[in-house]
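Visitor: The numbers in full-length UniProt numbering rise by one with no breaks, and the one at position 245 of the sequence shown is 245.
I am attaching a structure below and will ask some questions about it afterwards.
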Amino acid sequence: MQDGHEHRSKKAKQMLVVANEASFRRNISKEELHTQHTSTNAWIAEAGMPNLLNHPIPIEAEAPIPHSINITPPLSRPPFLFYGSFIDVPQATWKKLSQFLNNIEPEFVNTRFFSAIIRKEGYIHNLPEGNRAGVFQESPMTIEEALPHTRRWWPPWDSRKQFSFTSSDSLSAEILCRDLGEMLRTSRGMPSKEQQNRILRDCSMMNLVWIGENKLGPVAPNEMECILGYPNQHTEVFGMELDDRMRVLKDCFQINTLAYHLSTLRNVFPEGVRLLSVYSGIGGAEIALHRLGIHLKCVVSVETDERNHEILKRWWQCTEQTGELLKIEGVKNVTTSKLSGIINNLGGIDVIVGRTLPASKNVSRVRRSDSIDMSAFFEFARVFQQVKCITKGV
């Protein structure tokens, strides 16, 4: 066990502490890429559309690297911006997001370097440069580390080491497990190569694990919380069913990956940060900053879902935060006058964090951009620009 612990420690250091750009290689696909308003649409119309031909956008970076971005002086100081997406966003959509956030190029990373889940995340940010580092509390890096109790039943032909998808449909998973279980019983636990391939495909798609002899089951919410870096039972609040918990976990940051990118804020704000968290969700940014040892002097949480806010509020109380937690119910209520009052009372905003929201099935395809809610993004961009304008006068 001691040797295994030492090996894991060395592996964690290799993964989470980067001293120079040579530590990791970047795999980038290069392609040629071409005041308060009465409504968000009016703000978008007046904002203008910059020429993107001179702003090529990198598509993929497999490994985390020290990030150097071309930021003009007005953008290289507070309030810092961090807008993230863990949804599969098309290249054309990234161009659109970038142009409304001062043409800052997105940075991409795969969560497999920080956790037991494989997922590409993208961030548009102007965070200060510097050596990044991970948090002391690591996430498990493999399925075996996250779910050691499954090792006993894991067949040698199931070569999965990390999860690749976060499913929130427990009914479909239950039906699939029953069908695959029948297949395994019929084959007496010795499925053909073709059957093995089908089982592996379905297991990868639905995040199924081995819970008994020739028996599969879905990952539980508490297990997924561990994999994503959240506290145990973080989403276990009154009124949250199993599917509800898995749904919010599907639409949230991986804590260790996020913390790695936010880590340069430690030296900039040794006394703590004043955070404006738009679409807070279940508090990924707040937890990441806390894990980094950055004091949360004040968090202004913009969130519509009352259950999400209850999750954040409970975490705030359980971790005995000494700062102030303010709630604004929905981004539509973030007006210029409200922002001015908050910023004047706090003396400023240090960091603005936001995230993509999945497109609603009720939103027209034109506004969906295939995968994300663009209306929600435009509201975030409006708030960011307004905070910048107000902060200049503080």
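Glycine included, each C-beta is placed from N, C-alpha and C at the ideal position.
With 16 as the cutoff for other CB atoms within 10 Å, does Arg201 come out buried or exposed?
Guide: On the sequence shown, position 201 is the one that residue 201 refers to. Result: exposed.
Visitor: Between which two residues does the alpha helix (DSSP H) containing His261 stretch?
Guide: Looking up residue 261 in the sequence shown gives position 261. Start and end: 255-262.
Visitor: Check for me: the alpha helix (DSSP H) holding residue 421 runs from which residue to which?
Guide: Absent from the structure is residue 421, since the part of the chain shown begins at 1 and ends at 394.
Visitor: Measure from the alpha carbon of Leu208 to the alpha carbon of each residue in Gln385, Tyr279, Phe163, Arg188, then state which is nearest.
Guide: In the sequence shown, counting from the first residue as 1, residue 208 sits at position 208. If we check each option's Cα against that of Leu208, Phe163 comes out closest.
Visitor: Verify whether the separation of the beta carbon atoms of Ser139 and Ile287 is less than 8 Å.
Guide: As a working note, residue 139 is residue 139 in the sequence shown. As a working note, residue 287 is residue 287 in the sequence shown. No, these two residues do not count as a Cβ contact at 8 Å.
Visitor: Can you find the residues in the same chain that come closer than 6 Å, C-beta to C-beta, to Ser369, ignoring five residues on each side of it along the sequence?
Guide: Along the sequence shown, one-based indexing puts residue 369 at 369. The pLDDT assigned to Ser369 is 44, lower than 50, so where the model puts this residue is not dependable, and the model offers no usable value.
Visitor: Anyone know if the C-beta pair for Val331 and Val300 falls short of 8 Å?
Guide: On the sequence shown, residue 331 is found 331 positions in, with the first residue counted as 1. On the sequence shown, residue 300 is found 300 positions in, with the first residue counted as 1. Result no, Cβ atoms of Val331 and Val300 do not sit closer than 8 Å.
Visitor: Skipping 5 residues on each side, what residues in its chain have a beta carbon closer than 7 Å to that of Arg291?
Guide: Looking up residue 291 in the sequence shown gives position 291. So the qualifying residues of the chain are Val135, Gln137, Ile255, Ala259.
Visitor: Could you name the residues that DSSP lists as bridge partners for Gly229?
Guide: Here residue 229 refers to the residue found at position 229 of the sequence shown. Its beta-bridge partners do not exist; DSSP assigns none.
Visitor: According to DSSP, what are the bridge partners of Cys298?
Guide: Here residue 298 refers to the residue found at position 298 of the sequence shown. Its beta-bridge partners are Arg274, Glu324.
Visitor: Can you look up residue 420 in the DSSP assignment and give me helix, strand or coil?
Guide: The requested residue 420 is not part of the displayed model; the chain covers only 1 to 394.
Visitor: Residues in its own chain within less than 8 Å of Pro358 by CB, not counting five upstream and five downstream?
Guide: Within the sequence shown, the letter at position 358 stands for residue 358. Contacts found: Ile87, Asp251, Ser371, Ile372, Asp373.
Visitor: Mind pulling the beta strand (DSSP E) runs of 3 or more residues that sit fully within the stretch 179-228?
Guide: DSSP runs (the beta strand (DSSP E)) wholly in the stretch 179-228: 208-212, 215-218.
Visitor: Does the ligand ZN have a heavy atom nearer than 7 Å to the CB of Gln91?
Guide: Looking at this structure, you won't find the ligand ZN or any other ligand, since it has none at all.
Visitor: Any idea if Cys177 is buried or exposed, counting beta-carbon neighbours within 10 angstroms, 16 or more meaning buried?
Guide: In the sequence shown, the residue the question calls residue 177 occupies position 177. So Cys177 ends up on the buried side.
Visitor: Per the contact definition of three or more C-beta pairs closer than 8 Å, is the stretch 146-153 in contact with the stretch 267-285?
Guide: These segments do not touch.
Visitor: Suppose you measure from the CA of Leu101 to the CA of Ser85; what does that come to, to the nearest Å?
Guide: For the purposes of this step, residue 101 is taken as residue 101 along the sequence shown, with counting starting at 1. For the purposes of this step, residue 85 is taken as residue 85 along the sequence shown, with counting starting at 1. Each residue's alpha carbon lies about 14 Å from the other.
Visitor: On the premise that Ile349 lies in contact with Thr391, defined as a C-beta separation below 8 Å, what is that separation, rounded to the nearest angstrom?
Guide: Taking the sequence shown and counting its residues from 1, the one referred to as residue 391 is at position 391. Taking the sequence shown and counting its residues from 1, the one referred to as residue 349 is at position 349. Right, the Cβ-Cβ distance comes to about 6 Å (below 8 Å), so this counts as a contact.
Visitor: Going by DSSP, what residue range makes up the beta strand (DSSP E) through Ile104?
Guide: Position 104 of the sequence shown, counting from 1, holds the residue named residue 104. Premise fails: Ile104 is in no beta strand (DSSP E) and is neither H nor E.
Visitor: If you drop the 5 nearest sequence neighbours on each side, which residues of the same chain put their C-beta closer than 6 Å to that of Met224?
Guide: Position 224 of the sequence shown, counted from the first residue, corresponds to residue 224. Cβ within range, chain order: Leu249.
Visitor: Quick check on DSSP: helix, strand or coil for residue 471?
Guide: Not covered by the structure: residue 471. The range shown for the chain is 1 to 394.
Visitor: So, with DSSP's three-state summary, where would you put Pro358?
Guide: Locating residue 358 in the sequence shown gives position 358, where the first residue counts as 1. Note: Pro358 maps to strand in three-state DSSP.
Visitor: Verify whether the separation of the beta carbon atoms of Ser115 and Leu289 is less than 8 Å.
Guide: Position 115 of the sequence shown, counting from 1, holds the residue named residue 115. Position 289 of the sequence shown, counting from 1, holds the residue named residue 289. Result no, Cβ atoms of Ser115 and Leu289 do not sit closer than 8 Å.
Visitor: Does DSSP put Val248 in a helix, a strand or coil?
Guide: Position 248 of the sequence shown, counted from the start, is the residue given in the question as residue 248. In this structure, Val248 counts as helix in the three-state DSSP scheme.
Visitor: For the candidate residues Leu265, His309, Lys297, whose alpha-carbon lies nearest to that of Val278?
Guide: Sequence index remark: in the sequence shown, residue 278 carries index 278 (1-based). With distances taken between Cα atoms, Val278 lies closest to His309.
Visitor: Is the CB-CB distance between Met206 and Ser167 below 8 Å?
Guide: The sequence position of residue 206 within the sequence shown is 206, counting from 1. The sequence position of residue 167 within the sequence shown is 167, counting from 1. Yes, these two residues count as a Cβ contact at 8 Å.
Visitor: So which of Pro78, Lys297, Trp315 has the shortest CA-CA distance to Gly284?
Guide: What you label residue 284 is simply residue 284 of the sequence shown in a count that begins at 1. Measuring from the Cα of Gly284, the nearest candidate turns out to be Trp315.
Visitor: Go ahead and pull the three-state DSSP assignment for His125.
Guide: On the sequence shown, residue 125 is found 125 positions in, with the first residue counted as 1. Three-state DSSP puts His125 in a strand.
Visitor: Distance, Cα to Cα, Arg132 vs Ala381?
Guide: As a position in the sequence shown, residue 132 is number 132, starting the count at 1. As a position in the sequence shown, residue 381 is number 381, starting the count at 1. Answer to the nearest angstrom: the Cα atoms are 26 Å apart.
Visitor: From the DSSP output, read off the bridge partner residues of Asn267.
Guide: Taking the sequence shown and counting its residues from 1, one reaches residue 267 at position 267. Note: Asn267 sits in no beta bridge, so no partner.
Visitor: Do you know offhand how far Lys120's Cα is from Glu182's?
Guide: For the purposes of this step, residue 120 is identified with residue 120 of the sequence shown, where counting begins at 1. For the purposes of this step, residue 182 is identified with residue 182 of the sequence shown, where counting begins at 1. C-alpha separation (whole angstroms): 34 Å.
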